[in-house]
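Q: Going down the list, the protein sequences come from chains A and H.
Take 1 as the starting number for the first sequence in the working numbering and just add one per residue.
Take 1001 as the starting number for the second sequence in the working numbering and just add one per residue.
Protein chains: 2
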Amino acid sequence: MSLPPLNERAQHLLKALVERYISEGVPVGSRTLSQATPFSLSPATIRNVMADLEAMGLIHAPHTSAGRVPTIQGYRLFINQLLTMRSLDEGQVDFLSGELRQASSSRQQLIETASQMLSHLTRFAGLVTLPRREHARLTQIEFVPLSGRRVLAILVMDDGEVQNRVLPVSRDYSGNELRKYSALLSEQLAGQEASRVRETLLAEMDKVRSDLNTLMREAIQLTEQALDAATPEPDLVISGQSNLVGLEDMSNLARMKRLFEAFETKRDILHLLDQSERAEGVQIFIGGESGYDPLEGCSLIAAPYHEQGRVVGYLGVIGPTRMPYDRVIPLVDITARLLGAAMSPTLESEL
Amino acid sequence: MSLPPLNERAQHLLKALVERYISEGVPVGSRTLSQATPFSLSPATIRNVMADLEAMGLIHAPHTSAGRVPTIQGYRLFINQLLTMRSLDEGQVDFLSGELRQASSSRQQLIETASQMLSHLTRFAGLVTLPRREHARLTQIEFVPLSGRRVLAILVMDDGEVQNRVLPVSRDYSGNELRKYSALLSEQLAGQEASRVRETLLAEMDKVRSDLNTLMREAIQLTEQALDAATPEPDLVISGQSNLVGLEDMSNLARMKRLFEAFETKRDILHLLDQSERAEGVQIFIGGESGYDPLEGCSLIAAPYHEQGRVVGYLGVIGPTRMPYDRVIPLVDITARLLGAAMSPTLESEL
DNA sequence: TTTGGCACTCTCACGCCACGAGTGCCAGCC
DNA sequence: GGCTGGCACTCGTGGCGTGAGAGTGCCAAA
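#1: Which runs of the beta strand (DSSP E), 3 residues or longer, sit entirely within the segment 264–316 of chain A?
#2: Using a Cβ cut-off of 9 Å, which residues of the segment 69–81 of chain A contact any Cβ in chain H, in chain order?
#3: What would DSSP say about residue 1068 of chain H, mapped onto helix, strand or coil?
#4: Ignore the nearest five residues each way along the sequence and tell me which others in residue 168 of chain A's own chain have a CB closer than 7 Å to its CB.
#5: Here's the rule: buried if 16 or more other CB atoms are within 10 angstroms of the residue's CB, otherwise exposed. What is residue 1049 of chain H?
#6: For a contact meaning CB atoms closer than 9 Å, what does residue 106 of chain A contact in chain H?
#7: Does the contact criterion of 3 or more C-beta pairs under 8 Å hold for the segment 1040–1056 of chain H versus the segment 323–332 of chain A?
#8: Give me the Cα-Cα distance between residue 1202 of chain H and residue 292 of chain A, rounded to the nearest whole angstrom.
#9: Give me, in chain order, the residues of the same chain whose beta-carbon lies closer than 6 Å to that of residue 339 of chain A; leave out the 5 immediate sequence neighbours on both sides.
#10: Report back the beta-carbon spacing between residue 1194 of chain H and residue 1136 of chain H to the nearest angstrom; my notes put them in contact at under 8 Å.
#11: What residues from chain A crowd round residue 1352 of chain H, counting only those whose CB sits closer than 8 Å?
#12: Can the beta-carbon of residue 342 of chain A be found less than 8 Å from the beta-carbon of residue 104 of chain A?
#13: Interface residues of chain A around residue 1142 of chain H at Cβ under 9 Å?
#14: With DSSP as the reference, identify every bridge partner of residue 1143 of chain H, one or two as the case may be.
#15: Under a CB-based cut-off of 8 Å, is residue 1001 of chain H close to chain A?
#16: Does any C-beta atom of chain A lie closer than 8 Å to the C-beta of residue 1260 of chain H?
#17: Within the same chain, show all residues whose beta-carbon is closer than 7 Å to that of residue 1349 of chain H, passing over the 5 residues directly before and after it, in chain order.
#18: Determine the DSSP secondary structure at residue 1060 of chain H, reduced to helix, strand or coil.
#19: Could one say the Cβ of residue 1256 of chain H lies closer than 8 Å to chain A's Cβ atoms, at least one of them?
#20: For residue 264 of chain A, go through chain H and note every residue whose CB falls closer than 8 Å to its CB, in chain order.
#21: Are the segment 76–83 of chain A and the segment 309–324 of chain A touching, with three or more C-beta to C-beta distances below 8 Å?
#22: When DSSP labels each residue in this structure, what does residue 1351 of chain H get in the three-state scheme?
#23: Any Cβ of chain A within less than 8 Å of the Cβ of residue 1350 of chain H?
#24: Who does residue 1162 of chain H pair with in a DSSP beta bridge?
#25: If residue 244 of chain A sits next to residue 125 of chain A, beta carbons under 8 Å apart, how far is it from one beta carbon to the other, in whole angstroms?
#26: State yes or no: is the beta carbon of residue 246 of chain A nearer than 8 Å to at least one beta carbon in chain H?
#27: Is it buried or exposed for residue 1182 of chain H, if we count other Cβ within 10 angstroms and need 16 for buried?
#28: DSSP on residue 177 of chain A, reduced to helix/strand/coil?
#29: Out of H/1143, H/1287 and H/1058, point me to the one whose CA is closest to residue 1221 of chain H's CA.
#30: Please determine, among H/1088, H/1099, H/1147 and H/1019, the residue with the shortest C-alpha to C-alpha distance to residue 1175 of chain H.
#31: What does the alpha-carbon distance come out to for the pair residue 8 of chain A and residue 1251 of chain H?
#32: Let me confirm a value: residue 87 of chain A is counted as buried when at least 16 other C-beta atoms fall within 10 Å, else exposed. Which label applies?
#33: Leaving out the 5 sequence neighbours to the left and right, which residues in its chain are closer than 7 Å to residue 1268 of chain H when beta-carbon positions are compared?
#34: Check whether the Cβ atoms of residue 67 of chain A and residue 18 of chain A sit closer than 8 Å, and answer yes or no.
#35: Mind checking who residue 125 of chain A pairs with in its DSSP beta bridge?
#36: Anyone know if the C-beta pair for residue 1118 of chain H and residue 1276 of chain H falls short of 8 Å?
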């Protein structure tokens, strides 16, 4: 609670303790710590310091005669002030960027690869949100006749994203007829941000009503329907969930179940990721810090990724709170950068 | 091993035993069984029969003084010969078909809904393979220019499926130019089965070479690329995995981990589903029967679903071997039918 | 062929105990 | 004043033995 300056020795001991706990997974006692620390201090002295740290709420003893374990506040302080990052293995970076480059022909592929890489390189679960399409502009609208009074509507965005929906319609349309609508609307709407298309359409409908231009009205109606169906469905790709099964720290089955339910719902995790909006760099949620229950015992390391200089999504890793932050944080950071780079194609001529 | 006729009484007892074990999850002893069976037989008699059943490999005693538990062979016989199906709750069927109808505007939605329904109604994990596109016919090809030497290729199938890929190209193309290619190729290829398009293209290229029709060659090259990228990627939608976490029967963590890894790999499960090809109806794999390890302790209930009278995919449920087959089997069956119906739109006028 | 009886086996839960690890505190030392 | 060694105390863990309960196999009688 109270945070007096916390002298240097205490900081070093806290750091050593957290590092030790992260690597060993066992509550660490004064004797152990006295051996692992550069100032050679006796266990007794260390006990005194530990008592202080405990009073400050930074560490905690599971029971009377166990060593100490960092509390969430302890982790927080460790990460904010004491953590020394480990630079990434160069081979890993090469591997990562290679895989991303290879997947760059399809947006979906790219996202999935990034997610898999995150999980693979950390041995935890990797998350990547699909990029937001808010600012994408419409370039083309196509209608294709299907059998049985159905029309396929295809919306093409300027960034190569394609949305399509099958629309039930009240009568049969010929291919020619639909082609006319397509051309008409593409011309009318091309270059508009998708989010603003609806307004334009409504305005257009008003105009048209007076003209009684049936063809145009049909087309507009179809487009309205297509847009309706093409709701943005913000989505999240999760990989490597199985890495979390049977992790010592996840021993609690009920907790694990809640975590996996959260993975299926996705919604709450998405929401949590969105929260890190303001922050530019890597964001860290430790345990239930976020107020989001299912993550108890876990930490979420997240970072936004950019396309054309604009934040379009987030990616990250979920693992046990006791994770090697010094490796994971840089990895999430670099992955976000590489994914952004892969999505904003400059002239990287391949072929 | 040897399967002598197995007299009626033994059958009834086996049936009662399996049912009891499925509902209670505890090895069932002779006393329990003597109470639960219509012929009132003494426990001693039942013990004799049970000894026979054990000799036949149909049941098994975890240890000397525990009751008996069905073996895989026991389950098999139970399912093949003794099981009496329970008819579905009408509310469930209504719910199921309602949800499917509601999702029928998009193929992807439909598959996901079916999978979710399966998991939701069984409380286990639901699986649905994406429909095979083998026999789909191409109706249209579109090329759309993107920024930075990229072209978006869109392939539209006659069933409303849309595939799209971003292609890196070696020079810039104008919209008009691409539109010409699109028209040309759409005309050339429309109505072809996607799987045969490649042949046609190759033949076409030969013809064209002699004509030196550059435009056509460009177009063909683009299409080739698009087809290359649009590999069928047979995929599987899995829902409700979290239902399996913490299920008593799944107590073995290592096993559960393997199961979840299988869920992520998907490939092997897909392969397993494909195996049920020949069978028209519901197929059941009990435990590791399939020779596929990660399913040990689990059963897979699967059925093919049809579109326009043709098998295009499979769906099913994975749960503990000790599952209520009498409910799950009919559910998988009806879900397959309903999904098929939802995908083969006849005149079900809604709207 | 079925049944009651009986001895046997095995698991499970419980209590007990000794062990080890680690602590808190205190008195003495630098 | 801060550091240290010593000491008593606490608590979780694992091994062991025991008793209860469940269920079996077998045998002899109906």
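Glycine residues also receive a C-beta, built at the ideal position from the N, C-alpha and C atoms.
A: In short, the structure shows the following:
#1: 283–286 and 298–307
#2: In summary, no residue of the segment 69–81 of chain A has a CB separated from any CB of chain H by less than 9 Å.
#3: Counting from 1 along the second sequence, the entry for residue 1068 of chain H is found at position 68. Residue 1068 of chain H falls in the strand class under three-state DSSP.
#4: Looking up residue 168 of chain A in the first sequence gives position 168. Taken in chain order, the residues that qualify are 149 and 150.
#5: Locating residue 1049 of chain H in the second sequence gives position 49, where the first residue counts as 1. With 16 or more other CB atoms across the displayed protein chains lying within 10 angstroms of its CB, residue 1049 of chain H is buried.
#6: For the purposes of this step, residue 106 of chain A is taken as residue 106 along the first sequence, with counting starting at 1. Going along chain H in sequence order, the residues near residue 106 of chain A (Cβ under 9 Å) are 1164, 1165, 1166 and 1229.
#7: Contact between the segment 1040–1056 of chain H and the segment 323–332 of chain A is absent, with fewer than three C-beta pairs closer than 8 Å.
#8: Against the second sequence, residue 1202 of chain H aligns to sequence position 202. Against the first sequence, residue 292 of chain A aligns to sequence position 292. Straight-line measurement puts the Cα of residue 292 of chain A at about 57 Å from the Cα of residue 1202 of chain H.
#9: Reading the first sequence from its first residue, position 339 is the one you call residue 339 of chain A. Excluding sequence neighbours, residue 339 of chain A sits near 114 and 305.
#10: For the purposes of this step, residue 1194 of chain H is taken as the residue at position 194 of the second sequence. For the purposes of this step, residue 1136 of chain H is taken as the residue at position 136 of the second sequence. That pair is a contact at about 6 Å.
#11: As displayed, chain H neither begins before 1001 nor continues past 1351, which places residue 1352 of chain H out of reach and without an answer.
#12: As a first step, residue 342 of chain A must be located in the first sequence, where it is residue number 342. As a first step, residue 104 of chain A must be located in the first sequence, where it is residue number 104. Yes, the pair counts as a contact, with Cβ atoms nearer than the cut-off.
#13: Along the second sequence, read from residue 1 onward, the residue named residue 1142 of chain H stands at position 142. Those are 140, 142, 154 and 156, listed as they occur along chain A.
#14: Within the second sequence, the letter at position 143 stands for residue 1143 of chain H. Paired residues: H/1153.
#15: One-based indexing of the second sequence puts residue 1001 of chain H at position 1. Low local confidence applies: a pLDDT of 45 at residue 1001 of chain H is under 50, so the model's placement there is unreliable, and no value is given.
#16: Along the second sequence, read from residue 1 onward, the residue named residue 1260 of chain H stands at position 260. Output row for residue 1260 of chain H: interface = yes.
#17: Position 349 of the second sequence holds residue 1349 of chain H. Low confidence applies here, because residue 1349 of chain H scores a pLDDT of 39, under 50, leaving its location unreliable and the question unanswered by this model.
#18: Taking the second sequence and counting its residues from 1, the one referred to as residue 1060 of chain H is at position 60. It is a strand residue.
#19: Position 256 of the second sequence, counted from the start, is the residue given in the question as residue 1256 of chain H. Chain A, which has a Cβ nearer than 8 Å to the Cβ of residue 1256 of chain H, makes this yes.
#20: Position 264 of the first sequence, counted from the first residue, corresponds to residue 264 of chain A. Result: 1239, 1240, 1241 and 1242.
#21: no
#22: Taking the second sequence and counting its residues from 1, the one referred to as residue 1351 of chain H is at position 351. At residue 1351 of chain H the pLDDT is 35, less than 50, meaning the model places this residue with poor confidence; the figure from the coordinates comes in the next sentence. Residue 1351 of chain H falls in the coil class under three-state DSSP.
#23: As a position in the second sequence, residue 1350 of chain H is number 350, starting the count at 1. Because the pLDDT at residue 1350 of chain H is just 39, under 50, the model does not fix this residue reliably, and the point stays unresolved.
#24: Numbered from its first residue, the second sequence carries residue 1162 of chain H at position 162. DSSP lists H/1156 as partners of residue 1162 of chain H.
#25: Mapped onto the first sequence, residue 244 of chain A falls at position 244. Mapped onto the first sequence, residue 125 of chain A falls at position 125. With 8 Å as the limit, residue 244 of chain A and residue 125 of chain A qualify as a contact, their Cβ atoms being about 6 Å apart.
#26: Taking the first sequence and counting its residues from 1, the one referred to as residue 246 of chain A is at position 246. Cβ-Cβ to chain H under 8 Å: yes for residue 246 of chain A.
#27: Taking the second sequence and counting its residues from 1, one reaches residue 1182 of chain H at position 182. With 16 or more other Cβ atoms within 10 Å, it is buried.
#28: Here the question's residue 177 of chain A lines up with position 177 in the first sequence. Looking at residue 177 of chain A - three-state DSSP - the assignment turns out to be helix.
#29: Translated into the one-based positions of the second sequence, residue 1221 of chain H becomes position 221. If we check each option's Cα against that of residue 1221 of chain H, H/1143 comes out closest.
#30: Mapped onto the second sequence, residue 1175 of chain H falls at position 175. Looking at the Cα atoms, H/1147 is the closest of the given residues.
#31: Counted from its first residue, the first sequence places residue 8 of chain A at position 8. Counted from its first residue, the second sequence places residue 1251 of chain H at position 251. Straight-line Cα distance between these residues: approximately 47 Å.
#32: One-based indexing of the first sequence puts residue 87 of chain A at position 87. Exposed, because fewer than 16 other Cβ atoms sit within 10 Å of the Cβ of residue 87 of chain A.
#33: Here residue 1268 of chain H is taken as the residue at index 268 of the second sequence, counted from 1. Correct list, in chain order: 1262 and 1292.
#34: Locating residue 67 of chain A in the first sequence gives position 67, where the first residue counts as 1. Locating residue 18 of chain A in the first sequence gives position 18, where the first residue counts as 1. Going by C-beta atoms, residue 67 of chain A is not nearer than 8 Å to residue 18 of chain A.
#35: Within the first sequence, numbered from 1, the residue matching residue 125 of chain A stands at position 125. Bridge partners of residue 125 of chain A: A/318.
#36: On the second sequence, residue 1118 of chain H is found 118 positions in, with the first residue counted as 1. On the second sequence, residue 1276 of chain H is found 276 positions in, with the first residue counted as 1. Result no, Cβ atoms of residue 1118 of chain H and residue 1276 of chain H do not sit closer than 8 Å.
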